[in-house]
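*Asks:*
2 protein chains.
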Amino acid sequence: MQKNNLYKGSLSTIVLSLLKEQGKMYGYQITREVEKITNGQLKVTEGALYPTLHKLEAKGLLSVEMAKVNNRVRKYYFITEKGKKETANLLNEMKSFISNMEVLINPKLA
Amino acid sequence: MQKNNLYKGSLSTIVLSLLKEQGKMYGYQITREVEKITNGQLKVTEGALYPTLHKLEAKGLLSVEMAKVNNRVRKYYFITEKGKKETANLLNEMKSFISNMEVLINPKLA
DNA sequence: ATTACATACCTAATTTGCTTAGGTATTATA
DNA sequence: TATAATACCTAAGCAAATTAGGTATGTAAT
């Protein structure tokens, strides 16, 4: 996703969070959207993204809908009911991670 | 470090940040301190910590000082000059990661 | 007309950072 | 005298990336 390996472990959370906000998205669109939102700072590589989408689908957290646009296939992903619960859990874990990291790196907050 | 795999990739940053604040620390002390600072939410496992300390030392970012306290050996680690620069870089990357994650998961900030 | 880039999907080998599960040894506590 | 705490360590395995490919269509540039 970057040279920076802090993002390791965060991809599922990013994907589910985006889908929660946007309803449905296809893989390529996710890569563009993340880059846009982070002002080009974070680039989700396809080699990381597609296996993650497949894994989330296999776990029953995402469902797929095929679409043909301009003679090209798109696979739209959206969150299932089961996925909604897991998304909430992952977002809570992310918030907890962020606050823990903030006290760890900022002595004033300790 | 936890069931949560968001922490993957953050251990070097945590260690260097603590050493920057506290001057010198030994491994076991780092595990206690992290647990204390995060109110027991984050437990750094020794299987993760010691190899990381050795790696940071091998990279020249940390130096070691042996001490014998109560007939037990302690290895105090402290940041080298080279390590100070890398610590600053890693802390900047962490801050950037946090702000990127915040806009990604919080639609209001986008 | 052809090259190059953008769109849109994919996989497989390798690397990396951690977990899990051990190990040694001393001191303090129940 | 057994257990927990202190204090160090390693090695096998797992999981999530990276790296480096692949296929195919549409669009813009030379």
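Protein sequence lines, in the order shown, are assigned to chains A and B. Heads up: the first sequence runs through residues -14 to 95, numbered per this note's numbering. Heads up: the second sequence runs through residues -14 to 95, numbered per this note's numbering. All residues carry an ideal CB built from backbone N, CA and C; glycine is no exception.
1. Once the 5 residues before and after A:Gly8 are set aside, which same chain residues still bring their CB inside 8 Å of it?
2. Is it buried or exposed, A:Gly45, if we count other Cβ atoms within 10 angstroms and call 16 or more buried?
3. Since A:Phe63 meets chain B, which of its residues come closer than 9 Å, beta carbon to beta carbon?
4. Find out if the Cβ-Cβ distance for the pair B:Glu18, B:Leu27 is shorter than 8 Å.
5. Taking a cut of 7 Å between CB atoms, which residues from the segment 33 to 55 of chain B lie near chain A?
6. A:Tyr(-8) versus chain B: which residues are under 9 Å apart at the beta carbon?
7. Should the segment 48 to 64 of chain A be called in touch with the segment -9 to 11 of chain B, which here means at least 3 C-beta pairs below 8 Å?
8. Can you tell which of A:Lys53, A:Met79, A:Thr16 has the C-alpha that lies nearest to the C-alpha of A:Leu38?
9. What first and last residue would you give for the beta strand (DSSP E) that runs through B:Met51?
10. Where does A:Gly68 land, buried or exposed, given buried means 16+ other C-beta within 10 angstroms?
11. For B:Lys80, report the span of its alpha helix (DSSP H) as first-last.
12. Determine the chain B residues that contact A:Thr23 at a beta-carbon separation under 8 Å, and present them in chain order.
13. DSSP state of A:Lys28, grouped into three classes?
14. Can you tell me the Cα-Cα spacing of B:Ser84 and A:Asn91, whole angstroms?
15. In the segment 3 to 28 of chain A, which residues sit with their C-beta less than 8 Å from some C-beta in chain B, listed in chain order?
16. What do you reckon, are the CB atoms on B:Leu1 and B:Met10 nearer than 8 Å?
17. Taking B:Pro77 as the query, report the chain A residues whose CB atoms sit under 7 Å from its CB, ordered along the chain.
18. Using 8 Å as the limit for Cβ to Cβ distance, is A:Asn(-11) near chain B?
19. Run the CB neighbour count on B:Glu78, radius 10 Å, all protein chains shown included, and call it buried at 16 or more, exposed below.
20. Measuring straight from C-alpha to C-alpha, what distance separates A:Met86 and B:Lys70?
*Replies:* Answer, in terms of the structure:
1. To locate residue 8 of chain A, count along the first sequence from 1; it is residue 23. Listed in chain order, the non-local C-beta contacts of A:Gly8 below 8 Å within the same chain comprise Phe63, local neighbours out to five positions each way being set aside.
2. Counted from its first residue, the first sequence places residue 45 of chain A at position 60. Label assigned to A:Gly45: exposed.
3. As a position in the first sequence, residue 63 of chain A is number 78, starting the count at 1. Among the residues of chain B, none has a CB under 9 Å from the CB of A:Phe63; the nearest is roughly 17 Å distant.
4. Position 33 of the second sequence, counting from 1, holds the residue named residue 18 of chain B. Position 42 of the second sequence, counting from 1, holds the residue named residue 27 of chain B. Not closer than 8 Å, so no.
5. Hits within the stretch: zero.
6. Mapped onto the first sequence, residue -8 of chain A falls at position 7. Result: Gly(-6), Phe82, Asn85, Met86.
7. No, because fewer than three Cβ pairs between the segment 48 to 64 of chain A and the segment -9 to 11 of chain B fall closer than 8 Å, the two stretches do not touch.
8. Here residue 38 of chain A corresponds to residue number 53 of the first sequence, with the count starting at 1. Looking at the Cα atoms, A:Thr16 is the closest of the given residues.
9. By 1-based counting over the second sequence, the position of residue 51 of chain B is 66. That run of the beta strand (DSSP E) goes 47 to 54.
10. If you number the first sequence from 1, residue 68 of chain A lands on position 83. When all chains shown are included, A:Gly68 counts as buried.
11. For the purposes of this step, residue 80 of chain B is taken as the residue at position 95 of the second sequence. Unbroken alpha helix (DSSP H) run through B:Lys80: 66 to 90.
12. Against the first sequence, residue 23 of chain A aligns to sequence position 38. Correct list: Asn85, Val88, Leu89.
13. Numbered from 1 along the first sequence, position 43 holds the residue referred to as residue 28 of chain A. Coil, per DSSP.
14. What you label residue 84 of chain B is simply residue 99 of the second sequence in a count that begins at 1. What you label residue 91 of chain A is simply residue 106 of the first sequence in a count that begins at 1. Approximately 15 Å between the Cα atoms of the pair.
15. Result list: Leu3, Glu6, Val19, Ile22, Thr23, Gln26, Leu27.
16. Sequence index remark: in the second sequence, residue 1 of chain B carries index 16 (1-based). Sequence index remark: in the second sequence, residue 10 of chain B carries index 25 (1-based). Contact flag unset, no.
17. For the purposes of this step, residue 77 of chain B is taken as the residue at position 92 of the second sequence. At residue 77 of chain B the sequence reads Asn, which differs from the Pro that was named. Within chain A, no residue comes near B:Asn77; the closest Cβ sits about 10 Å away, beyond 7 Å.
18. Here the question's residue -11 of chain A lines up with position 4 in the first sequence. Answer yes: the Cβ-Cβ gap between A:Asn(-11) and chain B drops below 8 Å somewhere.
19. Here residue 78 of chain B refers to the residue found at position 93 of the second sequence. Result: buried.
20. Along the first sequence, one-based indexing puts residue 86 of chain A at 101. Along the second sequence, one-based indexing puts residue 70 of chain B at 85. When the Cα atoms are used, A:Met86 and B:Lys70 turn out to be separated by approximately 20 Å.
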